[in-house]
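Residue numbers (the numbering used here), protein chains in the order written: chain A, 1 to 136; chain B, 1001 to 1136; chain C, 2001 to 2093; chain D, 3001 to 3093. All C-beta atoms in this analysis are idealised placements derived from N, C-alpha and C, irrespective of residue type, glycine included. Everything below concerns the one structure shown next.
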Amino acid sequence: MVKVTSEVLAAEPLIKRVSSAASGAVAVFVGVAREFSEGRRVVFLQYEAYREMAERKMEEIVAEIKQKWTVNDVAMVHRVGVLQIGESSIVIAVSAAHRRDALAACQYAIERVKEIVPIWKKEVFEDGSRWVGWTG
Amino acid sequence: MVKVTSEVLAAEPLIKRVSSAASGAVAVFVGVAREFSEGRRVVFLQYEAYREMAERKMEEIVAEIKQKWTVNDVAMVHRVGVLQIGESSIVIAVSAAHRRDALAACQYAIERVKEIVPIWKKEVFEDGSRWVGWTG
Amino acid sequence: MSVTLRLFGALRELLGTERMELELESELTVEQLRRVIAKKYPKVADLLPHLAFSVNLEFAGSDTLVKHGDEVALIPPVSGGGDGQGNQRGIGG
Amino acid sequence: MSVTLRLFGALRELLGTERMELELESELTVEQLRRVIAKKYPKVADLLPHLAFSVNLEFAGSDTLVKHGDEVALIPPVSGGGDGQGNQRGIGG
Chain A
1 MVKVTSEVLA
11 AEPLIKRVSS
21 AASGAVAVFV
31 GVAREFSEGR
41 RVVFLQYEAY
51 REMAERKMEE
61 IVAEIKQKWT
71 VNDVAMVHRV
81 GVLQIGESSI
91 VIAVSAAHRR
101 DALAACQYAI
111 ERVKEIVPIW
121 KKEVFEDGSR
131 WVGWTG
Chain B
1001 MVKVTSEVLA
1011 AEPLIKRVSS
1021 AASGAVAVFV
1031 GVAREFSEGR
1041 RVVFLQYEAY
1051 REMAERKMEE
1061 IVAEIKQKWT
1071 VNDVAMVHRV
1081 GVLQIGESSI
1091 VIAVSAAHRR
1101 DALAACQYAI
1111 ERVKEIVPIW
1121 KKEVFEDGSR
1131 WVGWTG
Chain C
2001 MSVTLRLFGA
2011 LRELLGTERM
2021 ELELESELTV
2031 EQLRRVIAKK
2041 YPKVADLLPH
2051 LAFSVNLEFA
2061 GSDTLVKHGD
2071 EVALIPPVSG
2081 GGDGQGNQRG
2091 IGG
Chain D
3001 MSVTLRLFGA
3011 LRELLGTERM
3021 ELELESELTV
3031 EQLRRVIAKK
3041 YPKVADLLPH
3051 LAFSVNLEFA
3061 GSDTLVKHGD
3071 EVALIPPVSG
3081 GGDGQGNQRG
3091 IGG
């Protein structure tokens, strides 16, 4: 299950969703809106997605994971819109019979999200803002 | 925070507990009571701890993690007593500014728990039972 | 022919819209389209070299052909996932 | 002198108690204690070579000295953490 949503994220529902009697381990990654970015205080974050493509790319990542590891299920939800500090931007949950598959797949998932999923973050400071990721 | 408890475990309270404004990532591991063990159907599990020593060893693992990675906080709770299939045996949550610290530390934590924390699992089958871990 | 352009982040803000229809004389490659956009919208010209393109929801190479009715998106470096640490490999592989 | 023995898992079940006081003539090493226990409780003798020992909540080597009032635990291979996959390095490093 993958989704881009403007609703507040929680981990427990995703953990329950991916768990089954065949699961011995669930690995979870939660991305959280952090207060400081390179020393500047962030007031809030704004995430924007190319939703149709983002969900398609997230599905691709799930398919890649299922090829690479023996996992039972993967759930991945990314939030968009305004996030207050401490709120979650992404929750990824991977269940597997064995912990090493779950953990490796979860780590892979967040790395791949950052590579190929078209979602962008704007950091809003007290005295300005910037879209993150421009290297130019 | 480390604890050995006979109460049902949930991940969300631990995630909240380790999260702070300085946390950009929380990595979570959940161990789950699995239905099949080497092909045999498990009816329920029973965990037993040398509680005083287990909590001390869990504290040691937290200290090791704080030496090895830049993390904000670690929470680790292990359940004891009878667990039904699908219930969680352990929840570990690690918060950090950056995801790679959180993920690496979380993986390290569960590996170390399996090495040095005196907690034992009994698998109860329809026609017998066994304490897991005896190699002899 | 015409294509739909989708705009995000800084590009959306600079051009004041998240979607526009672009009239083109003929099919052209992504690289040619990049030049057309740079010429037509000089205020984003500096950003364009740092963008990837997608065509119909798939990342597209410079010589991918853009056809009538296609949806083309200008994809800035992505920064989803939280934790403030980008991925050095950048986007689209 | 006496020490407290703590028993877990299969050992606890075999000996029917989770804790016992053991009277000893003098201080002795963990390895000597292992032999004393094997002799006194033959039904767990086969298991003893696979056990680690702790003394006062710390893993103890074979030549660690056990003194009056110490709490000694017989530590079977641990299997906490769930997921059914043990750790090959075993216990206590």
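The C-beta distance from I90 (chain A) to G133 (chain A) rounds to 15 Å, too long to fall under 8 Å, and the pair is not in contact.
With contacts defined as CB atoms closer than 9 Å, L3014 (chain D) and L3051 (chain D) fail to qualify as a contacting pair.
Below the 9 Å Cβ cutoff, chain C contributes G2080, G2081, G2082 and D2083 as neighbours of S89 (chain A), in chain order. Annotation: K16 (chain A) to S1129 (chain B) spans about 28 Å, alpha carbon to alpha carbon. Around the Cβ of V26 (chain A), a 10 Å sphere holds 16 or more other Cβ atoms; the residue is buried. Nearest CB-CB separation between K68 (chain A) and chain C: not below the 9 Å threshold. In chain order, R2006, F2008, S2054, L2057, A2073 and I2075 make up the part of chain C whose C-beta sits under 9 Å from the C-beta of Y50 (chain A). Spanning the alpha carbons of S2079 (chain C) and P118 (chain A) requires a straight line of approximately 8 Å.
Shortest Cα-Cα distance from G24 (chain A) to any of A:D101, A:E12 and A:W131 involves A:D101. Residue contact with chain B for S6 (chain A): absent (no Cβ-Cβ distance below 9 Å to any residue of chain B). If you draw a 10 Å sphere on the C-beta of V3072 (chain D), you find 16 or more other C-beta atoms in it, and that means buried. The three-state reading of DSSP puts E126 (chain A) in coil, since its state is none of H, G, I, E or B. By the CB criterion at 9 Å, S3062 (chain D) and M1053 (chain B) fall outside the cutoff.
Contact between V62 (chain A) and A96 (chain A) does not hold, since their C-beta atoms are separated by about 13 Å, which reaches or exceeds 8 Å.
Annotated three-state conformation of V1028 (chain B) is strand, per DSSP. Residue environment: T3064 (chain D) is assigned as buried (16 or more neighbouring CB atoms within 10 Å of its CB, all protein chains considered). Annotated as proximal: E35 (chain A) and I85 (chain A), with beta-carbon spacing under 9 Å. Closest in alpha carbon position to Y108 (chain A), among A:A22, A:L9 and A:F29, is A:F29. Distance from R3006 (chain D) to E3018 (chain D) at the Cβ level is roughly 7 Å; contact confirmed, criterion being Cβ atoms closer than 8 Å. In this structure, the straight-line span from the alpha carbon of E1055 (chain B) to that of V1002 (chain B) is close to 6 Å.
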